[in-house]
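Note sheet for the following structure.
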Amino acid sequence: MIHTTGQTKAAALGEQECEAVLMQGIAGKDRQAFERLYYSYSPRIGNFLMKLLKSPELVDEVVSEVMMTVWQNADRFDSAQGKLSTWLFGIAHNKALKALERGRRHRLEQVLETEESGFGEDEWDDAHAGLGYAGPDNPERTVLGWELGDILLWALDQLTPEHRIVVELTMTVQCTYQDIALITGCPVNTVKTRMFNARKKLAELLIKRGYSPYDIEEAR
Amino acid sequence: MTHSNNLEPNNPDHDVVIELLPWYVNGTLNSAEQARVDRHLGSCAECRQELLLYRQLDRQRSAGRHAADWQPSPAGFANILKGIDALESGNDTRLSSEKTPGRLATFSTWLKETPRPVFWFMSLETLALTALVLLVIVRLPPPPEEHLFQTLSNERPPVNASLPRLSIVFAEDITEREIRGLLQSQHGQLVQGPSMLGVYTLQLAAASEHKLQQAMNQLRSHPKVKLVEAVGGEGRQ
Ligand SMILES: [Zn+2]
Numbered sequence: 061m062i063h064t065t066g067q068t069k070a071a072a073l074g075e076q077e078c079e080a081v082l083m084q085g086i087a088g089k090d091r092q093a094f095e096r097l098y099y100s101y102s103p104r105i106g107n108f109l110m111k112l113l114k115s116p117e118l119v120d121e122v123v124s125e126v127m128m129t130v131w132q133n134a135d136r137f138d139s140a141q142g143k144l145s146t147w148l149f150g151i152a153h154n155k156a157l158k159a160l161e162r163g164r165r166h167r168l169e170q171v172l173e174t175e176e177s178g179f180g181e182d183e184w185d186d187a188h189a190g191l192g193y194a195g196p197d198n199p200e201r202t203v204l205g206w207e208l209g210d211i212l213l214w215a216l217d218q219l220t221p222e223h224r225i226v227v228e229l230t231m232t233v234q235c236t237y238q239d240i241a242l243i244t245g246c247p248v249n250t251v252k253t254r255m256f257n258a259r260k261k262l263a264e265l266l267i268k269r270g271y272s273p274y275d276i277e278e279a280r
Numbered sequence: 004m005t006h007s008n009n010l011e012p013n014n015p016d017h018d019v020v021i022e023l024l025p026w027y028v029n030g031t032l033n034s035a036e037q038a039r040v041d042r043h044l045g046s047c048a049e050c051r052q053e054l055l056l057y058r059q060l061d062r063q064r065s066a067g068r069h070a071a072d073w074q075p076s077p078a079g080f081a082n083i084l085k086g087i088d089a090l091e092s093g094n095d096t097r098l099s100s101e102k103t104p105g106r107l108a109t110f111s112t113w114l115k116e117t118p119r120p121v122f123w124f125m126s127l128e129t130l131a132l133t134a135l136v137l138l139v140i141v142r143l144p145p146p147p148e149e150h151l152f153q154t155l156s157n158e159r160p161p162v163n164a165s166l167p168r169l170s171i172v173f174a175e176d177i178t179e180r181e182i183r184g185l186l187q188s189q190h191g192q193l194v195q196g197p198s199m200l201g202v203y204t205l206q207l208a209a210a211s212e213h214k215l216q217q218a219m220n221q222l223r224s225h226p227k228v229k230l231v232e233a234v235g236g237e238g239r240q
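As you go down the protein sequences, you meet chains E and L in turn.
The opening position of the first sequence corresponds to residue 61 in the numbering used here, with each subsequent residue numbered one higher.
The opening position of the second sequence corresponds to residue 4 in the numbering used here, with each subsequent residue numbered one higher.
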């Protein structure tokens, strides 16, 4: 998952063997091996989940779900098919998607409770945009008072879970696009397209809030 | 494939490079790809401009990349072990005839013993779903996907390249019956899967773009379907 240029082939092979041994241990219900896995891999998974879910308590829950899935399915890991981190992020990705969907449904219910029903997709987007986020709501304030970082954070929150996950796997976890394809179970072209569409959506959102995404360098 | 505002439509590099930029910024391209992007950037203003937003995104994300947003803890690990103990003590009673209530009781005890406040914020539906997922894992010796695969797509109908295919991920608690219903309603067949990550390939009879989109929308709206993607791209305009 991490950029491995410069790593010797022997070292990579050693890593693959280590991962296989660790997972064999866990498949054999070795709790010390499981603990090693938890401390070695959960920090990166936890940080990825924090970017998506925001709440440490929620991340605790999802990390637990991931770890319990690993405990139950360790024998299904095949080091010949890919790196352990890719496999783990694949599980985390599924759990995160579910948690995001739960959150989205919950927010939608809130919106529907406070407004009349009969939202179109765009209207829902707008309502959603103002809900639960300290988002920049009027363009003037955007230009005057909002740092670009804040606006980007807000805009990232508006992306669909699928787009959001590709952005975070790229920028936060620093995955290769090939690894993202494995993690999300999508073809490489879909990963690239999602990223491209996410960027397009981000640029649109910035423009909508009165900010040109291409003034960035000058603004800093 | 054309992207809007393409200033160099005749440059075959452009379409490839513009899509590689995010991974150029995160430093994970191989050296050949990196050299290709470097070369192209020298002559393409549009790609240089695209790079700005990705750089900004990267800067935004790298700020928190190494910060201890979330950290593993002995308490966190102890809690996971508790959950596993609950599951496994349930497993020990597998041969008893009252296995399901017994396991549910064990699971709810585990929940009650879990002190973290987050459980009180979890919806009842989520709890029920989690319980169900755990029960499915405990009750079926072969993992659920494998079980479904054996019964639903063991014959492996041949992959027909002219027919549209979808990658599909089902919820862990989907039943065989529900999958059958889904396949029948879409005139589809599972031709591959599950992958290591639980992805199946679904082949549809519908050949038109419109029908495919319709099928994808219907599948996506099914509560037990987690992910649906067309194989070979998500249909860019
Ligand atoms: Zn270009």
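For glycine and all other residues, C-beta sits at the position ideal for the given N, C-alpha and C.
From a predicted model like this one, the values you see are computed outputs, not experimental measurements.
Closest in C-alpha terms to Ile-105 (chain E), from the list E:His-223, E:Val-233, E:Gly-142, E:Asp-217, comes E:Val-233. Contact annotation for Asp-61 (chain L) against chain E: Met-231 [CB-CB distance below 8 Å, chain order].
Beta-bridge pairing by DSSP links Phe-173 (chain L) to L:Val-228. By alpha-carbon distance to Leu-205 (chain L), the top candidate from L:Gln-216, L:Leu-193, L:Cys-50, L:Asp-72 is L:Leu-193. Not one heavy atom of ligand 1 is found less than 7 Å from the C-beta of Cys-235 (chain E). Any Cβ of chain L closer than 8 Å to the Cβ of Ser-139 (chain E) would place that residue at the interface, and such an atom is absent. Look at Glu-49 (chain L): its beta carbon is less than 7 Å from one of the heavy atoms in ligand 1. Tyr-203 (chain L) is bridged by DSSP to L:Ile-171. Rounded to the nearest whole angstrom, the CA to CA distance from Ala-35 (chain L) to Leu-90 (chain L) is 49 Å. Restricting attention to E:Asp-135, E:Arg-136, E:Phe-256, E:Lys-114, the CA atom closest to the CA of His-223 (chain E) is found in E:Phe-256. Proximity of the region 29 to 47 of chain L to the region 72 to 83 of chain L falls short of the contact definition, fewer than three beta-carbon pairs being nearer than 8 Å. Comparing alpha-carbon positions, the option among L:Gly-79, L:Asn-33, L:Asn-29 lying closest to Leu-55 (chain L) turns out to be L:Asn-29. When E:Lys-268, E:Ala-87, E:Met-128 are compared, the shortest CA-CA separation from Ala-81 (chain L) is found for E:Met-128.
Residues of chain E whose Cβ lies closer than 8 Å to the Cβ of Gln-74 (chain L) are, in chain order, Pro-103, Gly-106.
In the DSSP assignment, Gln-192 (chain L) is bridged to L:Gln-206. For Ala-140 (chain E), the three-state secondary structure derived from DSSP is coil.
As summarised for the region 28 to 71 of chain L, the continuous alpha helix (DSSP H) elements at least 4 residues long and confined to that stretch are 34 to 44, 48 to 68, given in chain order. Burial check for Lys-114 (chain E): the Cβ neighbour count within 10 Å stays below 16, so the residue is exposed.
By the rule that beta-carbons nearer than 8 Å mark a contact, Leu-213 (chain E) touches chain L.
By the Cβ neighbour-count rule, Ser-224 (chain L) is exposed, with fewer than 16 other Cβ atoms within 10 Å of its own.
Within the chosen limit of 7 Å, ligand 1 does not reach the beta carbon of His-213 (chain L) with any heavy atom.
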